[in-house]
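Protein sequence lines correspond, in order, to chains W and E.
Everything in the first sequence is counted per my numbering, starting at 246 for the first residue and increasing by one.
Everything in the second sequence is counted per my numbering, starting at 131 for the first residue and increasing by one.
Here a beta-carbon is modelled for each residue, glycine too, at the ideal position from N, C-alpha and C.
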Amino acid sequence: MISPKPAQYPHSVLDPLQLPGWDPRWSQIVEAETCDGTRQFHVLDTGPMLADRGIGPDDIDAIVIAVHGNPTWSYLWRHIAQAGLEAAQGNVELGPGAGRAPVIRVIAPDQLDMGFSERLEHTSLPSAAGSSSSYRTLEQRIYDLDAVVAELISDSNKAPVFSLGHDWGGIISLGWATDADVRSSGSGVEPSGMISLNTAVWHEESDPIPAPLQAALAGPVLSGSTVVTPAFLDTTLALGQPALAKDIKTAYKAPYRGRQDRGGIGGFVADIPATESHRSRNALRKVANQLSSTEKPALLLWGAKDPVFLDRYQHDLLQRIDDVVIHRYNTAGHLLAEDRDISVPVLGWIRQQLDGDNRPTPDLTAARGSEAVGDYSPLWSFLDQWSESSTKAMVDMTINDAHGKPFEVTWAKLSSMVDAIAVGFRENGMRPGDRVSMLVEPGRDLTAALYAVLRVGGVAVVTDAGLGVDGMTRAIRSAAPQWIIGQTPGLSLARIGNLPGKRLSVKTMDPIARRVLGLSGSIYGFASTYAGQQYGPTAEQPDPNPTDDAAILFTSGSTGPAKGVRYTHQKLSALTQRLQHTLHVEPGSSLLAGFAPFALLGPAIGATSVTPNMSVTKPATLTAKSLAQAAIAGDTTMIFASPAALRNVVDTAHELNTEQRTALEQISMLLSAGAPVPVPLMNEVLELVPNAEFHSPYGMTESLLISDIDHHTQHAIAGRDDRGVCVGKPLDVARVAMAPLDFLGRSSDELFEGDNAVNKLAEIVISTPHMLAGYDKLYNTNRQTRVDSVDGLQWHRTGDIGHFDEHGRLWIEGRTQHIVTPSTGAFGPGGPEDDIQRLPSINRVAIVGVGPVGTQAIVAVVEPHDGDIKPGLAPSALSDDVRAATDIDIAAVLVTHRVPVDIRHNSKINRPLLAEWAEKVLAGGKVTAL
Amino acid sequence: MTSSHASFQYVTDDFTGYNVLVTGASGVLGSGVAQALRDAGAQVTVLQRSASGLDGVHEIRGSVTDPETAHHAVQGMDTVVHIAAKVSVSGSAKEYEQVNIEGTRTLLTAAQTTGVSRWIHISSPSVAHSGASIIGAEAEPANPDTARGNYAATKAAGELLALAADSEQFRVLVLRPHLMWGPGDTQLTERIIDRARQNRLPLLDGGTALVDTLFLLNAVEAIVTAINAVDTTHGEALVLTNGQPRPIGEMIRRIAVAGGAEEPTLDLPAGLAKAAGSVIEAFWDAEKRGDEPPITRFLAEQMSTAHWFDQRRTQRILQWKPRISLEEGFQLTKQHYGS
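In C-alpha cells:
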C-alpha cells in the first residue's frame, strides 16, 4: 500500500529557498547496516563543512547527535547546526564569564520513514494495536540511530559526544545514550551527557495518556489523521508559540507532501505503547529504567505550553535522572526549538560539561560572602523559645475580635497553633521537600500556615499577587507544588487553572465546597484537631536540614515572566540574622509592616508583627491615621513601608491627633522598602517620626539586603553629582563586586572590588550569606547569573548597573537591559533621567536607546505635566529644555501622556516597552498609543 | 533669497605639494573643498561650467562630459575630488545619465591615463536605498536597479564605475554625504527656508522619522581628510553624517527658524504626500519649468522613513569627527541669514 523509496537530498527535490535557514551543504545520504539490512538515511552533518573551513576532528570540542521527533525532521536542528558553525568563527557569546562557546559538529539523522530518509514498504496502514508490522519500533529506531552514528563517527574520534532529542526523538536519544549494549556492539561511542527537549519516557497504565494522542490513537482515526490526511502534521505545526511563519511550516511539510510519504507519521503514533500489551512497552520501560540508574549528566529544556508532553512527564524525568538540570520556558510550547533560541543554553551546558567544576574551595571561616552564614538557627526558634510567653507576637488591625478590638495573639498561642498545624500537615501526608503553594492573603492565617509548612520541611511557594492571575498560574505550574493552601479565591484559581497539588483550605468549609474544591483538610481544622500536640523533632517528625529548600519566591516588578527564587533554610536563617542586626531588633521590638509580606518576618526575627489597616495589595492606601493607630496598638518601634505608602502617610498627616502624633514620635527606625525614597519625601516623613533613623536598604528578591543608607548619609551626599541613586555602603557581611561594562554595554568576565572598583560603570555582582540558592528550573538563567567563582564563593550577577564612589558607597544607575549604547560608549539611563527629572515641566522621563547596539540614537521619552501637549515629537521649546538639562546628545525628545511603570512600586519604569515604542515612532511610523 | 557662499575657517592637515582637481566647484560643497585645499597649501584646479568665483585656484570652465576638457583638467594632477553631478530631484533620465554616468566615466578614463593616484568620489546614500527605513546601518553596496529615481540610479552606476577602477595605483574612496545643509546650500537649506517663509512646507506624519544630516563645513573637512585616508583604505564607500540623527520635523523646523522663518506647521500624511509628489513631479516635467516642485516622491520618502547611519567605520577610517555640532550649525546658519 505504501511503496518503498530511497533517501533523497532535499535540494534535489526542492528549491533551497523553500528551506529557510537550511544549508544544502549539510545534507548527506548515509547507508547504514540496520537490523533488517542496509538502509539509506538523510542526515544533517556539519562535519564536512567544518572540515572545509579547516576545522578537523581534533579541533572539534564536541559532537551532538540530534534526534527529531514526530512529525518533524532534522530541519528542527538547523539553528543548533548553524550555532555550532558560528561558534567556530567566534560569533557565539555564552555571556560574561561563561567561557568560549564550544565548536560542535551536529549530526542529525532523519529517521527511517521520516524526513528525507528512505521510505520502507508497507502493505497496510499503521494501527494502534501495535502488533507486528512493517513499521519501525522504538527498539529498532534506537538501533537505527546507533547504525548511523557508527557510519559517521570514526573510531579515532576523541571529541566528547552528547545526545539531543525532542518528542519521540527524546526517548530514542535518551535510550541510545544510556544503552551500553546497543552501542558496544555497534558504534562503540560513549556519550558524555544527554540533552532533551519536551519528551516522555514513562507513564503508568493508570495515568491517562494526553488527550490529543488518545484522539490520534483511536481506531481508524490513527491512519486517517496521520497518513491519509496531513491533520497530525498540521496540528503539530500549529503549536508554535508564537505561531510559525508560513515558510517555516512549508519547510517542515516538505518531506510529507503525499500520503505515500506519511507512513512514518502514522507508524510513530502507532508505536506509542498506550497499553500494557503493546509491543514497544518493554522497550520504553527499559529506557525508563536505564535513566533511573544512569550517572550521565542531563539537561532538560522544556516548553511549558505543550498539550502532549505535560508537566507530569517533566517531573518524572526530574525524579528519574540523578544528575539533571532543567530550564523551563513558561511561555514556550511543544516546538521549543522554534519558539526560543536553545543554542546558547545547549552550548553553555556543553561548555560546563567539558570544563567541569573549577570552583576553588571556599573559605568557610570568611566573614563576608555567601559562606558567612553564621550559626544556623531555625526560622521557628523564637516560636520554640517563647512558647510560654504571653507577650504579643502579632497585632492585626484589619481584623477585630468579638469586642471590636484589633486582633492580637501571644507568642505562646502562635507557637502552639503552628505546632498543631504542622502535626496536621504531617498526619495528612505532607513530607519534607513537598512544595506548598501559599495562596493565602498576608495576615495571621498566612503567618501560621507558613511557619507550620517550614516546620514540617515543606517548601513554601509564595506568589506575589502583583503577578496577576496569569502570572500566578504560570508561576505555580512551574513550581509544581504537591499542596495548595488557600482561601476561596486562591482555591478557585487553583481549580480553574487546573493547578497541580492536593488542596487545603484555611477555614473549614462545608461538605459541598470541600467536594467542589477537592479539599484534603483545613488549617483551622488541623489547629483544633491537633491542638496541644507538639511537633517533633522525632524520627517521625524530623527537622529539615539547613541545606534543604525552604521557600520559592515569585515576585512582580521586573519585566518578563516572574522567576522562582529558591531559598534554603540556612539562607533564610542568615537573612533573619541580618534583619535583626540591621533593624537593631531586641526583645520587645515591634515591627509595623506597611508592606504586607514583611509582616511574615516578625516571628522569625523575634519582633511583634503589626499589620495596619490598609489594603494588602495597595501600599498607597496606608493613611497617617491607620499607621498611628497600629503603632499605638502594637507598641511599635520600627516601621517598614514603601515609598508609595509613605507618600500617602505624609499627604494625610493633617488628620493626626495629638495622641497619634506622640505615638509616631516613639518610632526609632523607619525602613523604606521596594524602591528609593526621594529626599524631599524622606524629609517630610522625618518630621512625623523625628526620633527615627530613616534607612533605605538596597536589595532584591535574590538578596533582600545588600547595602543600606541612612538619612544622615542621604543629606551628606546631597551636593554630589554622581550619576544614579546612592544606596549606601554594602552590609558588613556582603561582598559587592563590579563587572565593568565595555563600550558596547557588556559586563566584563572579571570582577573588581575595593579601590579597583571605584567610578567604573559596571554590573553589580553580589555574594551574601542570605542570597538565593538559585532560580528554580531555570538552568540557563542560573548559568548566566551564577557564573563567578572568586574565592570559591557563590556570586550572583544582579542585572543592576551602577558604580562605587571613592567612599565605597554604591550608586544604582538602572538595569543591564536598560543600558544605552551610542557610539560614544555605553551608559545607564539613571543619571540623565535625574538631570531631566529636575525640570519643573517634566513629570516623568525615560532615557532609551533605539537602533543597533554600539551606535544607538538616544531618545528621551517625557511625560510633561501639561497634558495638552500632543503625544509625538516634543515642541521645540520642550526639546531645548530637555537637551539643555543633560550632557548627552539626545536625538529625539518624544512626548507621551503615560510613561509606563510597574504596578506595585509605581516607580520602576518599563524602559524596554518605551524603547520599542520610540523605535517605531522614529522609524517614521504613526504615533501610536503606548 | 540671494544665495552667497559662507567663508568658513576650515581645519585640515597641510596639503602643500598636492595637485588636486576639484570638479563641481560652482556648488557650495565643491567651492568649500577647493577653498579648504587652497588654504591648506595645495595647488588646486577647479572644473565646472559656470564661474567658481574663487581666488587662488586654476579655473577650467567646461563639462566633465567632454573628453577633451576632462583630459586637459587632469594634467599634472595627483588627486581628483569628483563632486560634479546633476543633483536636482527632477529632470529627464538622459540628463542624469550624461553627467552622472558618462561624465564620471570620461573623467575616470582621463585620470587613469595621466598618473592620478587618488580619486575621492562624492556619491549619495540614496544609491543603496530602496525605500525602506535605514536604522543605524553601515554603507550598503550601490545598486542602480533598486535605487529610487533618476538621480540615485545614475549616481549608483557612477559609484560602481569609480569602485571598479580602484587599484593600488589608482586608489578610490567613495563618500556619501547625507542631507547636507548649511549657509549657502541651495539644494536643501534655502528651499526649506524659502518654502517655510511662504508656509508651503509640509511635515509628514508628525515629522518623527529619525534622519541623519551633515553640516556643510563638516562635509568639506571630511572630504579633505579623505585625501589622506585613501592612501591606506580604498575601494569602498562610506556614508558621511554629523552622527547626530534628529527627527526630520525637528531638523526642518530648526533650519527654517535659523533662516528667519516661522516654524512650519502644515501636517500631511505620508501616503498622501507621496501620491501628491508623483503628480507634481510629472507636472513639472511636462511644463519644463525651471523651478523645482514643492515636494517630490523622493523627498516624501526621505521625510517619512528613518534614515540614519552607523558612523563608527567612517570616523575610524577617515580619522575624522564632525567639528561643528548641529546646534553650532544652527547658530552659524542664523548668523549667515540674519546678516
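Chain-ordered chain W contacts of residue i [CB-CB under 7 Å]
| i | result |
| --- | --- |
| E/Arg383 | Ser1121 |
| E/Pro377 | Leu1118, Ala1137 and Leu1167 |
Under 9 Å from the C-beta of residue i: neighbouring residues of chain W
| i | result |
| --- | --- |
| E/Thr371 | The contacting residues do not exist; E/Thr371 stays about 11 Å from chain W at best. |
| E/Gln441 | Ser1068 and Thr1100 |
Amino acids of chain E, ordered along the chain, whose beta-carbon sits closer than 8 Å to that of residue i
| i | result |
| --- | --- |
| W/Ala1102 | Gly266, Leu340, Pro375 and Trp438 |
Contacts of residue i in chain E (Cβ-Cβ under 7 Å)
| i | result |
| --- | --- |
| W/Asp1113 | The premise fails here: W/Asp1113 is roughly 16 Å from chain E at the closest Cβ pair, so nothing lies under 7 Å. |
| W/Val1172 | Gly336 and Thr338 |
| W/Ser1124 | Glu380 |
| W/Asp1134 | Gln374 |
Unbroken beta strand (DSSP E) run spanning residue i, endpoints
| i | result |
| --- | --- |
| E/His188 | His188 to Arg191 |
| W/Arg613 | Run containing W/Arg613: none; DSSP gives neither H nor E here. |
| W/Pro651 | Pro651 to Thr655 |
| W/Ser682 | Arg680 to Leu684 |
| E/Val229 | First-last for E/Val229: undefined, no H or E at that position. |
| W/Gly578 | Val569 to Gly578 |
| W/Leu390 | Taken as a continuous stretch (DSSP letters only), W/Leu390 belongs to no beta strand (DSSP E), being part of the alpha helix (DSSP H) at Leu383 to Leu397. |
| E/Gln178 | Gln173 to Gln178 |
| W/Gly731 | Trp728 to Gly731 |
| W/Met945 | Glu938 to Met945 |
Chain-ordered chain W contacts of residue i [CB-CB under 8 Å]
| i | result |
| --- | --- |
| E/Ser263 | Ala1168 and Gly1169 |
| E/Thr435 | Ala1168 and Gly1169 |
| E/Glu393 | Ser1121 |
Limits of the unbroken alpha helix (DSSP H) element including residue i
| i | result |
| --- | --- |
| W/Glu1078 | Gly1075 to Gln1082 |
| E/Thr243 | Thr234 to Thr243 |
| W/Gln559 | Asp556 to Arg565 |
| W/Ala582 | Leu581 to Asp584 |
| E/Pro307 | Taken as a continuous stretch (DSSP letters only), E/Pro307 belongs to no alpha helix (DSSP H), being part of the beta strand (DSSP E) at Arg301 to Pro307. |
| W/Glu1161 | Arg1156 to Leu1167 |
Near the ligand PLP: residue i beta-carbon under 7 Å from a heavy atom
| i | result |
| --- | --- |
| W/Pro975 | This structure lacks the ligand PLP; in fact it carries no ligand of any kind. |
Proximity test, Cβ basis, 8 Å: residue i and chain C
| i | result |
| --- | --- |
| W/His829 | In summary, chain C is missing from the structure at hand, where the protein chains are W and E. |
Contact list for the segment 1089–1100 of chain W against chain E, Cβ threshold 8 Å: Val1095, Gly1096, Pro1097, Gly1099 and Thr1100
Proximal residues, the segment 1045–1069 of chain W versus chain E, C-beta separation under 7 Å: Ser1068
Contact list for the segment 548–570 of chain W against chain E, Cβ threshold 9 Å: none
Given 8 Å, three or more beta-carbon pairs between the segment 219–230 of chain E and the segment 180–190 of chain E: no
The segment 189–203 of chain E touching the segment 236–243 of chain E, judged by at least three CB pairs closer than 8 Å: yes
Given 8 Å, three or more beta-carbon pairs between the segment 384–396 of chain W and the segment 338–356 of chain W: yes
Segments of 4+ residues assigned as alpha helix (DSSP H) that fall wholly inside the segment 274–335 of chain W: 292–297 and 323–333
Given 8 Å, three or more beta-carbon pairs between the segment 403–418 of chain W and the segment 282–293 of chain W: no
Inter-stretch contact at 8 Å, needing at least 3 Cβ pairs: the segment 299–306 of chain W / the segment 522–537 of chain W: no
The segment 313–327 of chain W contacting the segment 262–281 of chain W, beta-carbon criterion three pairs below 8 Å: yes
Stretch pair the segment 1039–1053 of chain W + the segment 835–849 of chain W: three plus CB contacts closer than 8 Å: no
Contact between the segment 997–1017 of chain W and the segment 1105–1121 of chain W (3+ Cβ pairs under 8 Å): no
Chain E contacts from the segment 299–314 of chain W (Cβ-Cβ distance under 9 Å): none
Ranges of the beta strand (DSSP E) found wholly within the segment 433–507 of chain W, counting only runs of at least 3: 438–441
Any beta strand (DSSP E) of 3 or more consecutive residues that is wholly inside the segment 249–288 of chain E: 264–267
Alpha helix (DSSP H) runs wholly inside the segment 854–915 of chain W, at least 4 long, in chain order: 869–879, 888–896 and 903–910
Stretch pair the segment 337–344 of chain E + the segment 273–283 of chain E: three plus CB contacts closer than 8 Å: no
Three-pair Cβ contact test at 8 Å for the segment 1058–1070 of chain W versus the segment 985–992 of chain W: yes
Three-pair Cβ contact test at 8 Å for the segment 1150–1167 of chain W versus the segment 1073–1091 of chain W: yes
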